[in-house]
Amino acid sequence: MFHTAINHALGCGPVNDVMTIPWTETDVPVLPRHAATPLQQHPIYARAMAAQGVRARSFTPIDRAWRGKVSAMILERRWPLLGASAVLTRGPVWAPEVPVDVRRNGLRSLLGQLRGEFGAVTVTPDLDDEGDPLEAAGWMSAVTPLSVARIDLTPMPEAMRRRMQQKWRNRLCRAERAGLTVRHAAMPDDPDHWLFRREVAQARDRGYKSLPPAFALAWARAGGPRSTRLFTAERDGRPLAAMLFLLHGTAASYHIGWNGAEGRRVDAHNLLLWRAMVWMHVRGIQSLELDVIDTETKPGLARFKLGAGANVLRLGATRLSAPGTRLFASRLAA
7 MFHTAINHAL
17 GCGPVNDVMT
27 IPWTETDVPV
37 LPRHAATPLQ
47 QHPIYARAMA
57 AQGVRARSFT
67 PIDRAWRGKV
77 SAMILERRWP
87 LLGASAVLTR
97 GPVWAPEVPV
107 DVRRNGLRSL
117 LGQLRGEFGA
127 VTVTPDLDDE
137 GDPLEAAGWM
147 SAVTPLSVAR
157 IDLTPMPEAM
167 RRRMQQKWRN
177 RLCRAERAGL
187 TVRHAAMPDD
197 PDHWLFRREV
207 AQARDRGYKS
217 LPPAFALAWA
227 RAGGPRSTRL
237 FTAERDGRPL
247 AAMLFLLHGT
257 AASYHIGWNG
267 AEGRRVDAHN
277 LLLWRAMVWM
287 HVRGIQSLEL
297 DVIDTETKPG
307 LARFKLGAGA
317 NVLRLGATRL
327 SAPGTRLFAS
337 RLAA
């Protein structure tokens with residue numbers, strides 16, 4: 007049970023013997039302080055997705071004592087044969103002091119409520135201190151666990167630089183001597199911005215999928231000028247490389263980037279990422295995620311992220327609950 011001493015410390019009332027935590031929908035989510043909120047759980051993300059025609063809904067426990075200690079957001083999707091479906095990615099977001107067993111119970115309670123409303127529920131949780139919170143929950147694994155690269159921005163810049171791998175730091179030094187001009191500003195509200203055009207062409211040429219430019223624009227419009235930062239490396243007024251970051255509370259996420267032939271020759275992305283790290287550190291941003299680590303199909307990109315001093319953050323498996331999946335999952339586990 008949620009022990010009385012813990013209840014008192016958190017200011018929460020006791021839960022019942024099976025530790026259910028009833029949830030309710032809220033129009034005004036209150037994120038926990040001092041928690042690194044993933045992009046997919048931030049209110050700006052909800053507004054940006056709504057602008058794309060995707061409904062986002064926020065949930066909080068009914069007991070108001072939990073206010074400011076946990077928040078969860080889902081997206082509603084419609085899938086063939088399954089109808090309305092809920093997608094919960096990297097949530098709920100908990101205050102750091104909430105114990106692991108309470109977090110796991112709260113997640114399962116929320117998922118139980120969602121299963122009662124939706125034909126299908128998909129969930130990708132962050133790992134907790136004991137591993138995957140849904141490993142023994144009986145849900146069918148739909149996607150194997152992914153890992154993302156996360157840079158801790160809390161150390162002083164000198165310490166962050168020492169943490170880089172030697173080859174990465176050497177390339178940074180070379181870029182710093184290349185005479186590049188680095189500029190940064192909020193992302194302009196321009197659907198035809200040169201970075202969007204070049205990134206779309208780059209994705210087509212390299213055969214990868216990315217969110218459309220409309221998402222970045224919707225994010226910037228929903229969050230205002232402080233929700234984005236575009237870093238550009240120039241020479242003689244010509245852009246050689248760029249990196250766009252989305253800012254969400256005390257965390258940030260790399261979104262898209264482009265590096266031309268001349269920019270690659272002078273390691274412009276090393277310089278841009280470093281300047282962005284220092285800029286974020288000064289402004290109190292505590293962590294920067296550089297998207298998924300894929301050592302099999304994109305080993306060079308993985309080396310770039312890890313060389314910058316990123317840690318590997320493993321996520322839980324993506325699991326699905328829909329009619330018949332529990333039986334299928336039990337047969338797989340047998």
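For the sequence shown, the numbering used here gives the first residue as 7, with consecutive numbering after it.
Ideal Cβ placement from N, Cα and C applies to all residues, glycine included.
Note that the structure is a prediction, hence the values are computed from the model and not measured.
Could you have a look at residue i and say whether DSSP puts it in helix, strand or coil?
{"i": "E205", "result": "helix"}
{"i": "G112", "result": "helix"}
{"i": "Y51", "result": "helix"}
{"i": "V106", "result": "helix"}
{"i": "L326", "result": "strand"}
{"i": "Q248", "result": "Rather than Gln, the amino acid found at residue 248 in this sequence is Ala. Residue state, collapsed to three classes: strand."}
{"i": "A220", "result": "helix"}
{"i": "A71", "result": "helix"}
{"i": "V162", "result": "It is worth fixing the name first, because residue 162 is Met in this sequence and not Val. If DSSP states are grouped into helix, strand and coil, M162 belongs with coil."}
{"i": "G243", "result": "coil"}
{"i": "A142", "result": "coil"}
{"i": "A15", "result": "Any answer about A15 is weak, because its pLDDT of 36 lies below 50 and its placement is not dependable; what the coordinates show is given next. Correct three-state label for A15: helix."}
{"i": "D135", "result": "coil"}
Whole-angstrom Cβ separation of residue i and residue j, contact assumed at under 8 Å?
{"i": "G269", "j": "A239", "result": "6 Å"}
{"i": "P139", "j": "L113", "result": "6 Å"}
{"i": "V99", "j": "A41", "result": "5 Å"}
{"i": "A247", "j": "L278", "result": "6 Å"}
{"i": "S153", "j": "L319", "result": "6 Å"}
{"i": "A101", "j": "D297", "result": "Their Cβ separation, rounded to whole angstroms, is 26 Å, which puts A101 and D297 out of contact at 8 Å."}
For residue i, is the classification buried or exposed, using 16 other Cβ atoms within 10 angstroms of its Cβ as the cut-off for buried?
{"i": "R109", "result": "buried"}
{"i": "Q172", "result": "exposed"}
{"i": "D132", "result": "buried"}
{"i": "A322", "result": "First, the residue type needs correcting, since residue 322 is Gly and not Ala in the sequence shown. Buried: at least 16 other Cβ atoms inside 10 Å."}
{"i": "D273", "result": "buried"}
{"i": "R119", "result": "Sequence check: residue 119 is Gln here, not Arg. The residue is buried, with at least 16 neighbouring Cβ atoms inside 10 Å."}
{"i": "I299", "result": "buried"}
{"i": "I157", "result": "buried"}
{"i": "R183", "result": "exposed"}
{"i": "A191", "result": "exposed"}
{"i": "R203", "result": "exposed"}
{"i": "V34", "result": "exposed"}
Ends of the alpha helix (DSSP H) at residue i?
{"i": "G269", "result": "A267 to R271"}
{"i": "R96", "result": "Note, R96: premise wrong, no alpha helix (DSSP H); not H, not E."}
{"i": "R180", "result": "Q172 to E182"}
{"i": "V284", "result": "A274 to V288"}
{"i": "A4", "result": "A query on residue 4 cannot be resolved here, the shown segment of the chain reaching from 7 to 340 and no further."}
The beta strand (DSSP E) spanning residue i covers which residue range?
{"i": "V188", "result": "T187 to A191"}
{"i": "P67", "result": "A62 to P67"}
{"i": "I80", "result": "V76 to W85"}
{"i": "A316", "result": "Careful: A316 lies outside any beta strand (DSSP E) and carries neither H nor E."}
{"i": "A126", "result": "A126 to T130"}
{"i": "S293", "result": "S293 to V298"}
Any heavy atom of the ligand PLP closer than 7 Å to the Cβ of residue i?
{"i": "T234", "result": "No copy of the ligand PLP appears in this structure; indeed no ligand is present at all."}
- prompt: Is the region 159-169 close to the region 205-220, with three or more CB pairs under 8 Å?
  reply: no
query: Three or more C-beta pairs closer than 8 Å, one from the region 285-293 and one from the region 77-85: is that the case here?
result: no
query: Would you say the region 185-200 touches the region 221-240, given that touching needs at least three Cβ pairs under 8 Å?
result: yes
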